[in-house]
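Going by UniProt numbering, the sequence shown runs without a break in its numbering and finishes at 300.
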Amino acid sequence: KICTSFTKKERNKYGKRYNFANQPKNLSGAAFHVIFLKVWIQPANPVVERANNEVAADVHNTYLLPQKVAANIADLRNTADNLKIASENLEAHLTAAEQRISDAEGEAWNKAARIKSLEVKMAVMADKTDNLENRSRCNNLRILGFPEGVKEGNPTAFLTSVLPALLFLPSDISLCIRAHRSLGPHPVPKQRPRAFIIKVLMYPMRECLLRAAWEQGTLEWKGNKISLFPDLSKELQTQRQRFNPARKILQEKGVKYGVFYPATMKITINGVTSTFSDSVEAQKFAAGLPAWDSCPPSST
């Protein structure tokens, strides 16, 4: 009867014999087994008594185990519910974050397209502005070499009297120029003097002065080397300076060439003119030419 639950008849029987009257009447079979073991089995010695107590404790723990398991399962369910709620909240936040990221990427793409369009427009506007600046200087010349202080307070009068004799122009020619030194601080001794910027009234007069300077080759005034150049913007000067390697090769080979506005090189061989806007292509072409006896190079 120890391994099975006691019936009501057995409880009454053993209860009368072993004083179970004081125990609760609604005991389960396992609980009744524990009480029964404590009363029915009379230990013969301490070892047996200790073994009986251990058996009774094991039975009691076995009885409490389902309750503990049920409690643990309830905790696990509660934890699972909390994890489910947290997962749902995380999924909602993740969805919102993905949407914001998508919106930000779309906005960034639109801005990148607008920036690219604005860069193209800015480049076009910069080219137009540079072109307008250079065209506004179409009647200007830049003269290098005159020492500081020679203008005697009136650069226009000084250059009007010096240029005709320097360029071997008719003495009665009317230059109709305005002149000033280029903007900048006054140079210290042994520093290159500032250039003269002159503006003639008519474009043909500018061309006449440049051609006369080219025909004379080297110009000197009181031991100072004088050079005449078109007055161009810094950006255009940089573009033209890229042709300097090709110029050097062509000068060494005696080939006729010219650099024309805005930044175009023309090379003439046997009456055939080749035009280059790329300095690298012009240099390659010049390097492949044989030495040639031709007119001195020109530049406009």
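We treat Cβ as the ideally placed atom computed from N, Cα and C, and that holds for glycine. The structure displayed is predicted, hence computed values, not measured ones.
| Query | Result |
| --- | --- |
| Cβ pair count under 8 Å reaching 3, the region 273 to 289 against the region 253 to 264 | yes |
| Buried or exposed by the 16-neighbour rule on C-beta atoms within 10 Å, applied to residue 265 | buried |
| Residue environment, residue 350, which counts as buried when at least 16 other CB atoms sit within 10 Å | Any property of residue 350 remains undetermined from this structure, which presents the chain solely from 1 to 300. |
| Beta-carbon spacing of residue 195, residue 240 below 7 Å | no |
| Given residue 250 as reference, the closest of 66, 289 and 230 once Cα atoms are compared | 289 |
| CB of residue 130 within 7 Å of CB of residue 235, strictly | yes |
| Meets three-Cβ-pair contact criterion under 8 Å: the region 100 to 107 and the region 166 to 186 | no |
| Any alpha helix (DSSP H) of 4 or more consecutive residues that is wholly inside the region 151 to 211 | 155 to 167 |
| Burial state of residue 118, where buried means 16 or more other Cβ atoms lie within 10 Å | exposed |
| Contiguous beta strand (DSSP E) assignments of at least 3 residues, all confined to the region 227 to 288 | 256 to 260, 264 to 269 and 272 to 276 |
| As assigned by DSSP and simplified to three states, the class of residue 142 | strand |
| Touching by the beta-carbon criterion (3+ pairs, under 8 Å), the region 148 to 167 and the region 191 to 205 | yes |
| Rounded C-alpha distance that separates residue 88 from residue 98 | 15 Å |
| When 261, 177, 262 and 70 are compared against residue 206, the one with the closest alpha-carbon | 177 |
| Beta carbon of residue 231 nearer than 7 Å to that of residue 140 | yes |
| Spatial neighbours of residue 242 in its chain, beta-carbon cut-off 7 Å, leaving aside the 5 residues before and after | 279 |
| Coarse secondary structure for residue 220, derived from DSSP in three states | strand |
| C-beta contact flag for residue 246 and residue 291 at 7 Å | no |
| According to DSSP, residues forming a beta bridge with residue 225 | 220 |
| Chain-order list of residues whose beta-carbon lies under 7 Å from that of residue 166 (same chain, five-residue window excluded) | 219, 221 and 226 |
| Cα-Cα separation between residue 253 and residue 228, rounded to whole angstroms | 24 Å |
| Residue 112 versus residue 125 - alpha carbon distance | 20 Å |
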